[in-house]
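See structure below.
There are 2 protein chains.
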Amino acid sequence: MITLREVLGRAERCFPTNTAVVPLAGGPAVTWAGFVGRVRRAAGALRSLGVEAGDRFAIICRNDPRQAELIHAGYWMGAVPVPINYRLAPVEIADILDGISPRLLAVEDHWASLAGELVSAGRRERLLWIGSDNNPVGEPDYETLRDASPEDEGRASGLDDDALLLFTGGTTGRSKGVRLTHRNIAANGLQLLAPFRAAEDDLMLHVAPMFHSADLLGTPLSLLGGAHAYLPDFTSEAFLGAVQKTRATFTLLTPTLLIRTIRSGGIGDFDISSLRRIAYGSAPMDPAWIRRTVEAFPGVELVHCYGLTETSPILTTLGWNQHLAGLEGGDRLRSVGRPVIGVELRIDDDGGNRLPAGAAGEIVARGPNVSGGYFDRPEETAAVFRDGWFHTGDVGRLDEEGYLYLLDRKKDVIITGGENVWSAEVETALYAHPDVVEAAVIGVPDEVWGEAVLAVIVAAPGSSLVSEDGPDALIAHCRRLIGGYKVPRQFRFIEAMPKSAMGKILKSELRRRYRLDRG
Amino acid sequence: MITLREVLGRAERCFPTNTAVVPLAGGPAVTWAGFVGRVRRAAGALRSLGVEAGDRFAIICRNDPRQAELIHAGYWMGAVPVPINYRLAPVEIADILDGISPRLLAVEDHWASLAGELVSAGRRERLLWIGSDNNPVGEPDYETLRDASPEDEGRASGLDDDALLLFTGGTTGRSKGVRLTHRNIAANGLQLLAPFRAAEDDLMLHVAPMFHSADLLGTPLSLLGGAHAYLPDFTSEAFLGAVQKTRATFTLLTPTLLIRTIRSGGIGDFDISSLRRIAYGSAPMDPAWIRRTVEAFPGVELVHCYGLTETSPILTTLGWNQHLAGLEGGDRLRSVGRPVIGVELRIDDDGGNRLPAGAAGEIVARGPNVSGGYFDRPEETAAVFRDGWFHTGDVGRLDEEGYLYLLDRKKDVIITGGENVWSAEVETALYAHPDVVEAAVIGVPDEVWGEAVLAVIVAAPGSSLVSEDGPDALIAHCRRLIGGYKVPRQFRFIEAMPKSAMGKILKSELRRRYRLDRG
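Chains as they are written, first to last, in the numbering used here: chain A, 1 to 519; chain B, 520 to 1038.
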């Protein structure tokens, strides 16, 4: 195992003239020697702003080579980057910043108004401006500072030192920071070499936002001296154009984005002949859509990936040969595949007893890519990380041939457009409305988004919520509290919730009732 | 990182119905579930014969699935298998057995007369007979005992426990046992996934003998649920027939065997369309022969591998894309490639100072695949394993792009037909002849064998060695002391050795004198 700093050192020594980054914004490609040089200077820039080994620093930036440089500068010097989900509401971002006390907040100029909201709400983090537009900092922007900084020697981290902090929605209404160590991330990079059939001449187009663990699927390429390009905003045209421009060979898409691209009808307008392989995951995809994807991208191999932020992120993969077998018939296209090397899976019953093949229960995993826990959340860490095993909260079964099938999400997470939405978080927002007596949030099937957020509400007697304007009022209410992608799109107002003998709302009953009802 | 026991557990869980072994001798293919079942029972058989965790047991067997079962049974139960080079002279084998005190000696019936020599020389190891011919043991042979044994639970080894002991020629005239841990071997398996582009549907034909570290190049396939077949004796027809029969996709050949196969002219007589990739290595191969290999195996990718037993074994690889570039021109085909993931290389001068790119010096390496040292040889271990770095004894240089070029072998090793011959060992045998006053052994280029062993001799005045019969007399003398492949094929009798001011024989001068002289 090697640290992420050593991954950089290796690339510099072994692949100095290989391309590391192809900037979509224009300009020449950056070699690995050039990229590591930038990373060393970025570390110098961070140090000049007071960031030292062990410190955290936050980044709000769309996909961009400059964010890649800053994240790798953290790896280089032993400081911990925290890329922030810019789709969160400002109050949610403020909550995260309060928790991690970052030494610095790097903000892309694109997010100037978001930064303005944070600052006017009283935040005092030192700012580093990425880009030169609307710069309120009155100091050099990141690139100017980087180019003026000396190459920093950095610091050698241990394998079990934190490398990255990624936030994921919390079941208790607050998001949690997942601590990923150098070992965790490098291990998953090694584990994905074979499933991705990664090669030195691969170029990955990073479509998933860099605050998401899916961005880590680029590690195998960095280990081999492959290249990266970063797509800031997804439209199907921008995506296809970027593949054509960069000659990308590999990308990861959520089913939602794959389906949008196919539906756009624009695939034939671009030269995407460089594409060898598309990984997809983070949500189930109907076999009918897998078939359509195969037809829409002839000659491109598909790999399904299943994992969680807590597993850096991939636990299982379903490779192209398994897709081919599944396209012939049988149930294999509904499987999320088999564990990557070094990952062990168990299926447990509610009492924590291991179940045999075929039985459904909680998916429990261990391996070198499994996080040690959440940042500053000992209780939530203890609840799911036990005796070296991570309890995913997902329900699944293993078949006799070792394939994993996902059945349900014990944790009550809804995956909409590749984003995780924890129902508890949305329910907390709904309960904050004075007329909401009871609220339960579930995911319902949606062909484009995978799942859509549906809220079941018991309103106060006589409330105006039970009217045509009720949904709009609740949507406006939620928007002030949680990120737009978490706000329910569908509402059902009922008289009383179905409940267990213990008084717990029976979500299973609500799901049965509303999952087939496309209302 | 996972132990080799866990590799078996993973294969059993994840790939139970995949083929693990295709027996060349006939009979049905063995699945991974079936293979691991056999390994468990083999462990039971070993235990019934007194082998426990921590014990060593020796094996004398050509390439065979039964040897693979026994080796893996060792991994399973934490006992250390020691596959023995059956090309060694009986006195050399006896010396190895004296050193390791094995609990058991498993012998293939093919080697009955060799075993007989060992026994009649007074050896008392308990024997386990592999096969049923000429069985002197009077007890069940391995397979009968295995099938009658219960499945053994084995024992979980630590990553840093010894897994395998492989003997390699010694510069002091005795071979040394290289201790390879679970971590060492599993690490190299992971490191080779990408260079070999290994896949689940790969089948490796094991041509290199299993007592050689080259056999470990099968580990990546085992990690992915791929398959193995074992070729007991090499002829080009047997090799090509085995590829056809097993539909092998991958193999490792020494340049000698590659050249013999091409020269046989028989490639077109077999269906070898399944072959995707040939790894070659353990000796330099002239670019002209690389070209002929590419022509002789159309559609097959080549990977050059460089390493040593002490590095489990691969340090660097030159992939197919680099071959393609090299075939276009330039010097790349003379490079042994770049380090696998996790390996760091240094070029040191004689004082142990690190040299810059371009300078020639000793190749020094570290990484998770580097052995901790030799069995029971603290001084020789201390001489080459220092501060976590292994001093290979090979001379090379790194270029500006990170490619390694081998220049010479500081250790005075001759590689003939893929076998290592340490000149000191051969010289010791020569000095044992009463008429040899001085002896120096060097390698000279040989198109088929890579290098041939040439002995330069200063004979006693008036000795009959300096006659037409001299070479035959020395060959017969050497055959009694060392394995046939080490015996010199060429002799030069001279009056006096060229020597340094310190009185040391100048092998560099002898090489200059005789390397171009094909006499």
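Just so you know, even glycine gets a beta-carbon here, dropped at the ideal spot from N, CA and C.
If you're wondering where the values come from, they're calculated on a predicted model, not measured in any experiment.
- Taking C-beta separations shorter than 7 Å and ignoring five residues to either side along the sequence, the partners of A:A73 in its chain run V39, A42, A43, L46, following chain order.
- Note on B:T836: 16 or more other CB atoms within 10 angstroms of its CB, so buried under the neighbour-count rule.
- In the same chain as B:P953, and ignoring 5 residues on each side of it, the C-beta atoms closer than 8 Å to its own belong to A979, in chain order.
- Secondary structure note for A:A288: its alpha helix (DSSP H) is the uninterrupted segment 287-296.
- Restricting attention to B:A718, B:M729, B:A757, the CA atom closest to the CA of B:F769 is found in B:A718.
- Shown here, A:L258 sits in a helix according to DSSP, grouped into three states.
- Secondary structure in the region 795-882 of chain B: the beta strand (DSSP E) runs of 3 residues or longer, each lying completely within the stretch, are 796-800, 820-826, 833-837, 863-867 in chain order.
- Judged by DSSP secondary structure, B:K1018 falls outside any beta strand (DSSP E); it is assigned neither H nor E.
- Taking a C-beta cut-off of 9 Å against chain A, the contacting residues of the region 918-932 of chain B are E919, E920, G921, Y922, listed in chain order.
- Between the C-alpha atoms of A:G319 and B:S942 there is a straight-line separation of about 49 Å.
- By the criterion of at least three beta-carbon pairs nearer than 8 Å, the region 720-732 of chain B is in contact with the region 757-777 of chain B.
- If you look at B:D617, you'll find it in the alpha helix (DSSP H) that goes 609-619.
- In the structure shown, B:E627 falls within a strand segment according to DSSP collapsed to helix, strand and coil.
- According to the DSSP secondary-structure assignment, A:H206 is paired through a beta bridge with A:Y230.
- Between B:L993 and B:L984 a beta carbon distance of about 7 Å is seen, short of the 8 Å cut, so the two are scored as contacting.
- Within chain B, the residues E920 have their CB atoms less than 7 Å from the CB of A:T17, given in chain order.
- Using a Cβ-Cβ cut-off of 9 Å, A:P339 is close to R529, R532, C533 of chain B, given in chain order.
- Residue-level contact check: A:N321 touches chain B, since one or more beta carbons of chain B fall below 8 Å from its beta carbon.
- Note on geometry: alpha-carbon atoms of B:G737 and B:L864 lie some 24 Å from one another.
- Bridge partners of B:F686 according to DSSP: B:G696.
- Beyond the five residues adjoining it in sequence on each side, B:G677 comes within less than 8 Å, by CB distance, of T522, H701 in the same chain, given in chain order.
- With fewer than 16 other CB atoms across the displayed protein chains lying within 10 angstroms of its CB, B:N872 is exposed.
- Under the Cβ criterion of 8 Å, A:P368 is counted among the residues facing chain B.
- Under the Cβ criterion of 8 Å, B:E847 is not counted among the residues facing chain A.
- Here B:P600 is actually not in contact with B:I615; their C-beta atoms are around 13 Å apart, not less than 8 Å.
- Using a CB distance cut-off of 8 Å, B:L709 counts as an interface residue toward chain A.
- Our two residues, B:S792 and B:L759, have alpha carbons roughly 11 Å apart in a direct line.
- Burial check for B:D679: the Cβ neighbour count within 10 Å stays below 16, so the residue is exposed.
- Within a 10 Å sphere around the beta-carbon of A:S132 sit fewer than 16 other beta-carbons, which makes this residue exposed.
- Restricting attention to B:G1002, B:A625, B:V1006, the CA atom closest to the CA of B:G962 is found in B:V1006.
- Burial check for B:S986: the Cβ neighbour count within 10 Å stays below 16, so the residue is exposed.
- Against chain B, a Cβ distance below 8 Å from A:I363 picks out nothing, because the smallest value is about 14 Å.
- Proximity of A:L315 to chain B, defined by a Cβ-Cβ separation below 8 Å, is not satisfied.
- Contact of B:L722 with chain A is not assigned, every C-beta pair being separated by 8 Å or more.
- Within the same chain, Cβ atoms closer than 8 Å to the Cβ of A:R338 are found at T316, T317, L318, G402, Y403, L404, the five residues on either side in sequence being excluded.
- Distance from the Cα of A:M285 is smallest, within the candidate group A:G299, A:P298, A:P255, A:G307, for A:P255.
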